[in-house]
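Notes for the one structure printed next.
In the working numbering, the protein residues as written are 1 to 185.
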């Protein structure tokens with residue numbers, strides 16, 4: 001893969017809202033945000049959407065299930081590594097993170113229902129069946145959480161697609177959780 005098709009903007013070139021949000025959230029400006037800053041609106045939209053996603057009714061583990069499921073499905077080397085690190089920091093059990101990175105079934109039936117519903121939304125471009133929604137609700141989720149999954153899909157679409165187009169270089173702090181898609185995808 002060609003690295004950094006788009007510029008990685010220096011700190012001073014990253015628009016103020018994105019710079020401030022990145023520093024408060026990550027303590028650094030990740031290469032994703034540096035790359036997104038070619039379009040200041042994209043960088044700010046992504047960080048704002050990320051903050052909104054964190055305010056949903058979903059637990060921190062559930063949010064990571066969504067983010068890692070989508071990123072692995074989209075084969076985003078950058079986001080799988082970054083979300084693996086943030087999952088570790090959020091004390092998501094390693095068994096869950098590893099299964100998500102490998103795109104394997106989760107042992108917890110409720111979390112597996114969330115993973116399956118998230119995949120259905122992504123793969124079917126939102127055209128999930130009534131039965132799929134009912135199965136998700138039957139696992140203990142709510143109508144609100146159906147829509148919060150869609151919010152997560154929107155968030156990851158922005159970052160995953162940006163990384164695909166810009167070929168963002170993985171930041172050193174994320175290197176310990178480097179990830180490459182399997183040949184089977």
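Every residue, glycine too, gets a C-beta built ideally from N, C-alpha and C.
Taking the alpha-carbon of residue 174 as reference, which of 77, 38 and 81 has the nearest alpha-carbon? Reading the chain shown from its first residue, position 174 is the one you call residue 174. The residue with the shortest Cα to Cα distance from residue 174 is 81.
When you compare the segment 39-59 with the segment 146-165, are there three or more beta-carbon pairs, one atom per stretch, that lie closer than 8 Å? yes
Consult DSSP for residue 72 and reduce its assignment to one of helix, strand or coil. If you number the chain shown from 1, residue 72 lands on position 72. If DSSP states are grouped into helix, strand and coil, residue 72 belongs with the helices.
Runs of 4 residues minimum, wholly inside the segment 60-130: which ones carry the alpha helix (DSSP H) assignment? If we require 4 residues or more, the alpha helix (DSSP H) runs fully inside the segment 60-130 come out as 60-73, 77-89, 94-101 and 109-123.
When the Cα atoms are used, what is the spatial distance from residue 101 to residue 50? Counting from one through the chain shown, the residue named residue 101 turns up at place 101. Counting from one through the chain shown, the residue named residue 50 turns up at place 50. Computed Cα separation, rounded: 20 Å.
Tell me whether residue 6 sits in a helix, a strand or coil according to DSSP, three-state version. Working through the chain shown from its first residue, we reach residue 6 at position 6. Three-state DSSP puts residue 6 in coil, outside helix and strand.
Are the beta-carbon atoms belonging to residue 32 and residue 160 less than 8 Å from one another? What you label residue 32 is simply residue 32 of the chain shown in a count that begins at 1. What you label residue 160 is simply residue 160 of the chain shown in a count that begins at 1. Going by C-beta atoms, residue 32 is not nearer than 8 Å to residue 160.
Quick one: what does DSSP say residue 23 is sitting in, helix, strand or coil? Indexing the chain shown from 1 puts residue 23 at position 23. Three-state DSSP puts residue 23 in a helix.
Measuring CB to CB, does residue 5 end up less than 8 Å from residue 11? Your numbering for residue 5 matches position 5 in the chain shown. Your numbering for residue 11 matches position 11 in the chain shown. In this structure, residue 11 does not lie closer than 8 Å to residue 5 by Cβ.
Do residue 45 and residue 15 count as a contact pair if the criterion is CB distance below 8 Å? Taking the first residue of the chain shown as 1, we reach residue 15 at position 15. Taking the first residue of the chain shown as 1, we reach residue 45 at position 45. Not a contact, by the Cβ cut-off of 8 Å.
Is it buried or exposed for residue 109, if we count other Cβ within 10 angstroms and need 16 for buried? Position 109 of the chain shown holds residue 109. Exposed, by the Cβ-count rule.
From 111, 122 and 156, pick the residue whose C-alpha is nearest to that of residue 138; which is it? Within the chain shown, residue 138 is the residue found at index 138, counting from 1. Closest by alpha carbon: 111.
Does the Cβ of residue 34 have 16 or more other Cβ atoms within 10 Å, making it buried, or fewer, making it exposed? For the purposes of this step, residue 34 is taken as residue 34 along the chain shown, with counting starting at 1. Its Cβ being crowded by 16 or more others within 10 Å, residue 34 is buried.
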